[in-house]
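Structure record follows, encoded as C-alpha cells.
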Amino acid sequence: MKSFTYERPGSPAEAAAAVARTPEAKFIAGGTNLLDLMKLQIETPRHLVDVNGLGLDTVEPTEEGGLRIGALVRNTDLAAHPRVRTDYGVLARALLAGASGQLRNKATTAGNLLQRTRCPYFYDTAQACNKRQPGSGCSALDGVSRQLAVIGGSEACIATHPGDMAVAMRVLDATVETIDAAGAARTIPIAEFHRLPGDEPSRDTNLEPGELITAVMLPKPVAGTHIYRKVRDRASYAYALVSVAAILGKDGSGHVAFGGVAHKPWRVEAAETDLPKGAKAVTEQVFAGAKPTHENAYKLKLAERTLGAALNQARA
Amino acid sequence: MKFDTQAGPNPIDRLKVVGHATDRIDGKYKTTGTAPYAYERHDVAPDAAYGYVLGSSIAKGRVRSIDTASARQAPGVIAIVTTLDTPRVERGVMNVAYLFGGDVIQHYHQAVAVVVAETFEQARAASFLVKVDYAPEAGVFDLAAAAKDAEPVPADSGEGSGGSGEERVGDFEAAFAQAPVTLDASYRTADESHAMMEPHATVAAWDGEKVTLWTSNQMIGWGHGSLAKMLNLPKDKVRLDAPYVGGGFGGKLFVRADAVLAALAAKAAGRPVKVALTRPLIANNTTHRPATIQRVRIGATQDGTITAIAHESTSGNLPDGDPETAVNQTKFLYAGKNRLTAMKLARLDLPEGNAMRAPGEAPGLAVLEVAMDEMAEKLGLDPVEFRIRNDTQVVPTKPDLRFSQRDLVGCLKLGVERFGWAKRNPKPGQVRDGQWLVGLGMAAAFRDNMVMKSGARVRLDASGTVTVETDMTDIGTGSYTIIAQTAAEMMGVPLNRVVVRLGDSDFPVSSGSGGQFGANSSTAGVYAACVKLRESIAQKLGFNATDAVFEDGEVRAGNRAIPLAQAAAEGELVAEDTIEFGDFSKTQQVSTFGAHFVEVAVDVYTAEVRVRRMLAVCAAGRILNPKSARSQVIGGMVMGTGAALMEELAVDTKRGFFANHDLAGYEVPVHADIQHQEVIFLDETDPMSSPMKAKGVGELGISGIAAAVANAIYNATGIRVRDYPITLDKLIDRMPDAA
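From first to last, the protein sequence lines stand for chains A and B.
Letter by letter, the first sequence follows residues 0 to 315 of numbering that gives the first Met the number 0.
Letter by letter, the second sequence follows residues 0 to 738 of numbering that gives the first Met the number 0.
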C-alpha cells in the first residue's frame, strides 16, 4: 500500500470537489474492494476522500412509486429492506447471492456498482493487463480465461464485471444519481453506467473524474416472479460463472439480464419479446456475436440453460 | 524401545482414557485466540521487524541485476537481502527447488528478495520499489505436451507408499488380450494447492551465533537438521519451536522460504524478523500436488474376476523432483494374476511438485476407483460386489506377504447397510427430485500405514503432574490430546494431570506429522517413555515394575497402594525413550482400509453438483480419540470433494505459473456444498502396528472419496467425466434435456 492522505468532507459536493481537485484521489466507502487492491498496489490512490459520514444511507419511496436508495446503504440493509423484499425480490436475491455476511455488512450500494474485475491477470501486478496498466497488453487473451467475458470484449480486454447487484439493477432499469465537483446533479441509466472495454479498459464506468454517486433510483415495481439465479463452482462465496436476473410472468414474458458474461451486466431488450418462446430463442439473440475463448465457451450453453431454469421457475 | 514383536496386552488396553471421544485439550486456547501461532509470537520477539518476500515475475531464467536504491530510501526500511547478495542456499530435506540465493530462477514467484521494515505495510510498500532485471528463458509448462517426452521413473520414488516405477507380475498384455471383458481408459487429475489456513510463517532471532526460529512446520526434526545445513551452522546453534501449526497437509513437511529468509533477514537487520508468505505467493512459491495423466486397463472374466490390471501414471516436476506416485495402491487393493504398474516423469518448469495429503493414493484412487466403477458396469455387476469378488488377504504383487488386518469387505458391507445402497438405481440418469438429478456412488479407500521412529520425554513432579515433551507437532490433527490420553492411560492419572509440550527442537525427536504416521508413531514413542518412567517410579516406591498397576493416581501391587506423586517427593523423575520400528514391521503389510458412499444432486439445468450426504466406513486399527479421528476423516472427505468438484491450480501454459493464486481464484468447498457427513470406525486393534495397536486415519478419509463423488455424478447423469475437477463446464454439453 502506498502512503496516502485522507479526508472526511462535509457534504457530497465537497467530496466531489475534493476528488476532482486532488491528483490521484479516490472515494472510499465500505472499502471491501479498494483496500484489497491498494494492498496489492493494483490501486495506488494518493488521497482518499471518505464518504461514509455523508448520510446518503437511507432508502426512501419516490413520488413515482419507486425507491431512492442512498449510495451508502449497506448491502445487508438493502437486502433486508421491506420494500426491496416485497417489490424488488430480484435485487434482494442478487445481494444475498454475493460475497459473505461480513462483507455485505460493510459493502455499499455505490461501492458495489464500482467493484473491479476479478480477472487473475488484473490481480497479478507482474502480468500484462490493460485495465490495470494501460498499454501493457492483455495476458488473459491467451491465458487462463475460464471466468472471463464471452461477449462485448475487445482485443485489449476480456474482463467481466464481477458483481451481482448491478445485474439485478439492470433488469430493474435503475438509474444512477450523481453529483459533480461543481455541485451539479445528473442521472445515468444503468445501461449506460458501465462501459465495454473497447480500447480503454482502464475505465469501468462512464463516471467523470470526481463524480460521486449519491443514490440509485428504482422505478416503480414490475410485476412477475423475481428471480436471481447465480451459477458458480461452489454453493456460496464465489463469483458467478453465469447469472440470470429475471422478472417473468407465468407465460414467460418479461425481462432478463445476464451477469458473469461481459464487462457490464448484459441485457438485450429486443430479445425479450421472445421469452415466451423459450430460453434458446432469447439467448441466440442476446449472445449474437459472442466471441468466447476455448476455455469459456461453455458459458453460452450455461446461459441458455440457466435462463431455462428461470423460465421453468416462473411457469411453475 | 524396539518394536520387534507383535504387541501383547499392555496398559493401553484398559481404555480408561484412550479410545474415548475427548475434547481437544488445546481447544480452549485456539477458540480464545491465545494459542500462539508463529507470526504472533510477540511474547518471545516483541521487537520483531517485518520481512516481505518479493517473488520472481518470470518462470525461468536468470536475474541480471537488482536495484534496491530507492527501496532502501523508503520509510521504515531496515534491510534488504537479495538473492544476488546470497550464495545459493543448500536444499533441506525433501526440497526440490532451491529456496534462495544465486541468479537462477527455477519457477515463478521464487523468492528474489526480502525487504525488512519497521511495519509490515512499510516492508510491502518498499518491495514494490525493488527493481529486478530478468533474463527470461523458454520453459516447459504444459504436462499434456511434455508427457510425450516423459521418462520412465526408475526406482523408489516419492513420499507416500513408496514403490518402484515399473512393476510386473505375470504377463499383463497377454492376459488383457484374452480377457472377455476389458476396460482401457485415460484420466487426468489437476494440480492442487494445500490451501491451509495458516500460511508459511516464521519469526527468527539471533543470539550471537545461535538462531531460534518460531515457525510453522510439520517435521521439527527434519527442519532442525535442514536449517542447520542451509544456514551452515552446527545443529546445537539452531532451535525450532512450533507449538501450534494452523494446517499443513504436506505443505509444511519441509523448510520453506519463510524460515530461510527470516533467518537471513534477522541477521542482516540485527534484530528479530518475522516473515509470512502472502496468500498470492503460496501457490507458486511453495509446493503443490502435481497433476497426473493416468491410464487404467482392467481385464476380467464374465463373472467379474480380474485377470489383468494395469495402472500407469505420468506427472511432471522440476529437475530432481519426484513423480506423484499415483499407481501405488493398485499394487495392494485388488487381486489379479497379471499386473503392471508404471510411472513416468516429465520435466516441467512449473513450481515444485511435492507431497500433499495422501500423496499417490489421493489422485491414484480418484482414477482407479472410477475405472472399477466403469468395469463393474461393463460386467453388469454392482460396484460393491465387483470389489468384494476381487478382495485379497495377501499383497497381490507379493503373495507371501499377508495384510496384518484387512477388513475392506466389512467396510463395504456395513456401508451398504448404513447408507441404503440398495436404493441405488444401477441405470444412470433415472432418479429425479424436482430440478435435481440424484445419484449414488461409492469407492474403496486404501492408504498404507507407515511408521516412523519417535521419541518422547516424560516427567513426574511432586504434585503428581505428568509432563510430556516431544518435538511432535499438532497441525490441527489433535496430537496434544491423544498424547495426553496416552500418558494418562500409562501413568494411571486423569487427563487433567497431564501437561503436553510439543514442537520444540530441544525436545526428543518424534515422527512429526505426515503420511498419516504421526498419531500412531508419536503416541507409541510416548508409550515407550512412559514404560521407562513406570520402571523408575516402581523402583523408587519399592515395587516390582511388572506387578505394579498404575491406576487412579496410585501405584498398586498386592495390598500396597502408594500415591504416584510420592515417587517424585524428593525430586522430579524423568524418563526418555524412542520407539523404533525395525524389519519386523515389514513382515506383514500394515494398511488402512475404508469404503466411501456418496449421494449427489446435479442441477438438471446448470449441471451444478451438490453433495447431499456422504459416509465413510474406516478400518484403521484402534481409534485413539474417536472425536478428533472423525474430524480427520471428514476433513479428508471435504478435501477430496474439493479435488472432485472444484480444486485446480490453473496453469498458464504460456507464462508458466498458476494463475489463480489466491483463495478467491482457488476455490475449496464451503459448508453449503456438503450437507451431511458420517463416519463409522470398525472396532479394530492391530498388534502389528505398534504397542498402541493404532493406525493412521488422517489420509484415509481423502483416499477414494473423489472417485465416489465422480461415480455418484455418473449415476445421477449418465455422464462420465475422466478429467478432474468435474466442473459444470465438463457436464453442460451432455446434460439431458431439462424440461
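By construction, the Cβ of each residue, glycine as well, lies at the ideal position given by its N, Cα and C atoms.
Presumed contact (8 Å Cβ cut-off) between residue i and residue j, rounded CB distance
{"i": "residue 209 of chain A", "j": "residue 19 of chain A", "result": "3 Å"}
{"i": "residue 739 of chain B", "j": "residue 706 of chain B", "result": "As shown, chain B starts at 0 and ends at 738. That puts residue 739 of chain B outside it, with no answer to give."}
{"i": "residue 601 of chain B", "j": "residue 608 of chain B", "result": "5 Å"}
{"i": "residue 481 of chain B", "j": "residue 523 of chain B", "result": "At roughly 11 Å, the Cβ-Cβ gap does not stay under 8 Å, so residue 481 of chain B and residue 523 of chain B are not in contact."}
{"i": "residue 117 of chain B", "j": "residue 48 of chain B", "result": "6 Å"}
{"i": "residue 48 of chain A", "j": "residue 6 of chain A", "result": "6 Å"}
{"i": "residue 352 of chain B", "j": "residue 324 of chain B", "result": "No, residue 352 of chain B and residue 324 of chain B are not in contact; Cβ-Cβ is about 11 Å, not under 8 Å."}
{"i": "residue 50 of chain B", "j": "residue 129 of chain B", "result": "The Cβ separation is near 13 Å, so there is no contact."}
{"i": "residue 464 of chain B", "j": "residue 423 of chain B", "result": "Contact doesn't hold; Cβ gap of about 54 Å is too wide."}
Close-in-space but distant-in-sequence residues of the same chain around residue i (CB under 8 Å, 5 per side omitted)
{"i": "residue 46 of chain B", "result": "270 and 271"}
{"i": "residue 406 of chain B", "result": "592, 618, 681 and 683"}
{"i": "residue 276 of chain B", "result": "52, 198, 199, 200, 255, 256, 257, 284 and 285"}
{"i": "residue 145 of chain B", "result": "139, 315, 345, 346 and 347"}
Same chain, Cβ closer than 7 Å to residue i, neighbours up to 5 away in sequence not counted
{"i": "residue 308 of chain A", "result": "228"}
{"i": "residue 13 of chain B", "result": "488"}
{"i": "residue 198 of chain A", "result": "153 and 155"}
{"i": "residue 278 of chain B", "result": "198, 661 and 662"}
C-beta neighbour in chain A for residue i, strict 9 Å
{"i": "residue 310 of chain B", "result": "no"}
{"i": "residue 654 of chain B", "result": "yes"}
{"i": "residue 609 of chain B", "result": "yes"}
{"i": "residue 74 of chain B", "result": "yes"}
{"i": "residue 712 of chain B", "result": "no"}
{"i": "residue 701 of chain B", "result": "no"}
{"i": "residue 666 of chain B", "result": "yes"}
{"i": "residue 123 of chain B", "result": "yes"}
6 Å Cβ shell around residue i - same chain, five flanking residues per side excluded
{"i": "residue 141 of chain B", "result": "652"}
{"i": "residue 168 of chain B", "result": "338 and 396"}
{"i": "residue 74 of chain B", "result": "121"}
{"i": "residue 138 of chain B", "result": "58, 59, 348 and 655"}
{"i": "residue 466 of chain B", "result": "458 and 498"}
{"i": "residue 514 of chain B", "result": "449"}
{"i": "residue 698 of chain B", "result": "356, 357, 446 and 515"}
{"i": "residue 221 of chain A", "result": "246"}
{"i": "residue 391 of chain B", "result": "334"}
{"i": "residue 37 of chain A", "result": "0"}
{"i": "residue 734 of chain B", "result": "606"}
Below-9 Å beta-carbon distance, residue i vs any chain B residue
{"i": "residue 145 of chain A", "result": "yes"}
{"i": "residue 132 of chain A", "result": "no"}
{"i": "residue 206 of chain A", "result": "no"}
{"i": "residue 252 of chain A", "result": "no"}
{"i": "residue 119 of chain A", "result": "yes"}
{"i": "residue 311 of chain A", "result": "yes"}
{"i": "residue 235 of chain A", "result": "yes"}
Exposed unless 16 or more other CB atoms sit within 10 angstroms - verdict on residue i
{"i": "residue 127 of chain B", "result": "buried"}
{"i": "residue 161 of chain B", "result": "Legend: pLDDT at residue 161 of chain B = 49, less than 50; position of this residue unreliable, value from coordinates given subsequently. It counts as exposed."}
{"i": "residue 343 of chain B", "result": "buried"}
{"i": "residue 314 of chain A", "result": "exposed"}
{"i": "residue 598 of chain B", "result": "buried"}
{"i": "residue 692 of chain B", "result": "buried"}
{"i": "residue 416 of chain B", "result": "exposed"}
{"i": "residue 303 of chain A", "result": "buried"}
{"i": "residue 583 of chain B", "result": "exposed"}
{"i": "residue 43 of chain B", "result": "exposed"}
Within the segment 592-662 of chain B, ranges of the beta strand (DSSP E) (whole runs, at least 3 residues): 608-618
Unbroken stretches of the alpha helix (DSSP H), 4 residues or longer, contained in the segment 214-244 of chain B: 219-229
Length-filtered (4 minimum) alpha helix (DSSP H) runs lying within the segment 244-270 of chain B: List check, alpha helix (DSSP H) in window: 256-268.
Any alpha helix (DSSP H) of 4 or more consecutive residues that is wholly inside the segment 240-303 of chain A: Whole alpha helix (DSSP H) segments, 4+ residues: 278-285.
Segments of 3+ residues assigned as beta strand (DSSP E) that fall wholly inside the segment 255-343 of chain B: 272-275, 291-299 and 305-316
Every unbroken beta strand (DSSP E) within the segment 107-166 of chain B, with a cutoff of 3 residues, ordered by chain: When DSSP assignments are scanned along the segment 107-166 of chain B, the uninterrupted stretches of beta strand (DSSP E) that are 3 or more residues long and fall wholly within it turn out to be 110-116 and 130-135.
Entirely enclosed beta strand (DSSP E) segments - the segment 385-460 of chain B, minimum 3 residues: DSSP runs (the beta strand (DSSP E)) wholly in the segment 385-460 of chain B: 397-401, 435-447 and 453-459.
3-residue-minimum beta strand (DSSP E) runs that sit fully inside the segment 0-73 of chain A, ordered along the chain: 4-6, 24-27, 46-49, 58-60 and 66-69
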